[in-house]
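Here's the structure we're looking at; comments come further down.
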Amino acid sequence: MSEDNIPETDNEFGGEQSEAEEQTRSGGTGEGFFTFSEVIRDSWKCYRYGFAKLLLLVLIVTLPIAIIQVFIVDMNMNSSGISQLISGLGNSGAEMAESVSDYSGSFWSRLFLYYGITAFLTSISFITEAAAVIMVGSRMGTLHIPEDSIQHQRAANGDLPFQLLFELAFKSFPKLWLTMFLVILFELLGFFLCILPGIFLFFVFIFSAYCVELTGLWGRKAMFVSSLCTRRFPKASLLFALLNFVLSEIVLSLIISGLASLAALTGVSGIGAGVVEVVLICLKQLGVLYIATSGAVLFSKMLPSIEPMIANSGIRGGRTD
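Residues in the sequence shown are numbered consecutively from 26, following the working numbering.
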């Protein structure tokens, strides 16, 4: 039997340990202690174990979206002159003002429509990230599924089949979408008011999406639980927020841009260039899923310590004093 087919034990995911070992590592507290190296190690185990399922999800969800984006939405943008406006916004002073004044109100409505469609299509890929989080929660025993549901009975062995994984991710998508809409709205308001509030809110709500999938809470409740995590584990949360931003917004973007530049040097154009762009979008999503897996592992390690705080807050309909 290969290593990947051997079920992971709790100890391999930083779960149950001997009391003496746990107290030694945590300085005697024995609660909520873990190292970031453990998070990285366990994230790679989960990602490697479920890579085939994640790849299939990307092919089912991200690939069609990328095709629509590249061959329909972006081609319409190029034909309507929106790309020229976007490139003109990179100019300064009078050049930018002249570029902007050349377009009518109907053009601006098309511009906002383009960005709205692009944002919506991009948000559909939340399904793949939800599936990655659910997969980690199932492996680590932190997935919240009502005990009287059929899904709970089918997931009792801790190893979700692909059909059930996709079903759970698809059903949670509306709650996840609304939660992320609220999070992004608050972050944008923070950035418009002043840069620092936006950065602070990005940090405070970094675990909102993971809360939706692993606790069943969503909306402002998920945002509240995320704030509990950042308050209980400020150093780990800050480190993850920094890594999340650097990896997703800088490293992945640079890698994809570099690969796109290499493809351009080969003289690929037209449909060939579109196919390359679609492939790069799918590759980027696989990288995003690793970040989602890492965040789910970290949140799963935090969850046992904040469960009493969640219970005392009464956001699940009950309160323990």
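Heads up, the beta-carbon is just placed ideally off N, CA and C, and yes, glycines get one too.
In this text, all values refer to a predicted model and were calculated from it rather than measured experimentally.
Close-in-space but distant-in-sequence residues of the same chain around residue i (CB under 6 Å, 5 per side omitted)
i	result
A321	V158, V161 and Y235
I281	L305 and K309
E212	G223, L226 and F227
A266	F228 and I231
A288	V301
A155	A194, S197, L201 and E238
L185	S163
L253	I331 and M334
G299	V95 and F96
A247	T204, S233, C236 and V237
F216	G223
8 Å CB neighbourhood of residue i in its chain, flanking five on each side removed
i	result
I142	V98
T87	S150, T153, I306, C307 and Q310
A91	E302, V303, I306 and C307
G283	none
L81	F187
L146	I90, I93, Q94 and V98
L203	W243 and G244
L277	K309, G312 and V313
I340	L242, K246, F249 and V250
A285	V301, E302 and L305
V83	T153, C307, Q310, L311 and L314
Bounding residues of the alpha helix (DSSP H) (the contiguous stretch that carries residue i)
i	result
R73	F61 to Y74
S251	R245 to R257
A88	Reading off the sequence, residue 88 comes out as Leu, not Ala. Here the alpha helix (DSSP H) through L88 covers L88 to I93.
T167	Per DSSP, T167 belongs to no alpha helix (DSSP H) and is neither H nor E.
S197	F187 to L218
Same chain, Cβ closer than 7 Å to residue i, five either side skipped, listed in chain order
i	result
G318	The sequence given here has Thr at residue 318, not Gly. Contacts found: S68, C71, Y72, A157 and V161.
T167	L239, S325 and L328
L3	Nothing about residue 3 can be reported from this structure: the residues present for the chain run from 26 to 346 only.
L190	K78, A156, I159 and M160
L210	none
L264	F61
Residue i - DSSP class collapsed to helix/strand/coil
i	result
S134	helix
G241	coil
G141	helix
F232	coil
I224	helix
S150	coil
G339	coil
M334	helix
M327	helix
TODO: Please specify which runs of the beta strand (DSSP E), each continuous and at least 3 residues long, are wholly inside the stretch 265-316, giving them in chain order.
DONE: As far as the stretch 265-316 is concerned, it has no whole beta strand (DSSP E) run of at least 3 residues.
- [ ] Would you check if there are 3 or more beta carbon pairs closer than 8 Å linking the stretch 323-333 to the stretch 252-262?
- [x] Segments in contact, yes.
Open item on the list: Check whether the stretch 236-247 and the stretch 196-210 touch, using three or more Cβ-Cβ pairs below 8 Å as the test.
Closed with: Put simply, the stretch 236-247 touches the stretch 196-210. At least three CB pairs are less than 8 Å apart.
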